[in-house]
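Everything in the sequence shown is counted per the working numbering, starting at 8 for the first residue and increasing by one. We put the beta carbon where it would ideally sit given N, CA and C, even for glycine.
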Amino acid sequence: MYERANEDVEAATFWLVFDRRYRRRYPIGSLKSTWQIDQAVEQGLLLRSDTIDGLAEQMHMPSHNLQTTVDEWNEMCDQGRDKYFHRGEDKYQQFIGDPTVVPNPCMGPVKESPFYGIRIFPGDAGTRGGPQTDQFARVLRADGSVISGLFAGGNASVALLGTQGAGTTLAPAMTEGFIAVKYMQHLARGSGVILEDR
8 MYERANEDVE AATFWLVFDR RYRRRYPIGS LKSTWQIDQA VEQGLLLRSD TIDGLAEQMH
68 MPSHNLQTTV DEWNEMCDQG RDKYFHRGED KYQQFIGDPT VVPNPCMGPV KESPFYGIRI
128 FPGDAGTRGG PQTDQFARVL RADGSVISGL FAGGNASVAL LGTQGAGTTL APAMTEGFIA
188 VKYMQHLARG SGVILEDR
């Protein structure tokens, strides 16, 4: 996905496609005002076209592919169900979505001209997977029993916050690291304070 230097591997290309309604209601990254949008279009950072076909041409992709994708997306928006990425299916996503958009606050159709496209690149921000831990940052087996001597926190464990985001994993990692070290100190000192296993 990230490979750009290797000539034998084509890097993944992703696009965020949106319409006039979206552009008027929400910021696109740091682009908020009309002049910033216009400047981004002039610089080629953001593509704009009155038609989906025209946008596809600027994106160097077959217009049929983009039109099919947009049509399928709009159909999923009408149904309120994202069959691929499950947007808006949990309470956290619903909370940060737009409550004025129904039936799913995390899914808006792409219907109003002009249409926009901006290239996006994958990056690391956090995780939603990893080993399960207990209240002392000890790694648990599938049956819930503790794996002796193995600790995890932050991106090396199941995320506390249930979502990923740049910087949001730092405080949990520090806190879980602190908890793990405190537990190890109790064991090393032989203090007689044995924290209960789960």
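Original post:
So is residue 158 buried or exposed if we call it buried at 16+ other beta carbons inside 10 Å?
Top reply: Buried, because 16 or more other Cβ atoms sit within 10 Å of the Cβ of residue 158.
Subject >> Nearest-angstrom Cα separation, counted from residue 119 out to residue 28 >> reply: Residue 28 and residue 119: Cα-Cα distance of roughly 6 Å.
Original post:
Per DSSP, residue 123 is paired with what?
Top reply: According to DSSP, which records beta bridges pairwise, residue 123 is partnered with 25, 55.
Subject >> Candidates 191, 52, 95, of which the one nearest residue 114 by Cα >> reply: Answer by Cα proximity: 95.
Original post:
Excluding the five sequence neighbours on either side, which residues of its own chain have a C-beta within less than 8 Å of the C-beta of residue 84, listed in chain order?
Top reply: Contacts found: 111, 114, 115, 116.
**OP:** Tell me, please, which residues DSSP counts as bridged to residue 35.
**Re:** In the DSSP output, where bridge partners are listed per residue, residue 35 has 38.
Original post:
When the Cα atoms are used, what is the spatial distance from residue 123 to residue 53?
Top reply: Their Cα atoms are separated by approximately 7 Å.
Original post:
Residue range of the beta strand (DSSP E) that residue 155 falls in?
Top reply: Here the beta strand (DSSP E) through residue 155 covers 153 to 158.
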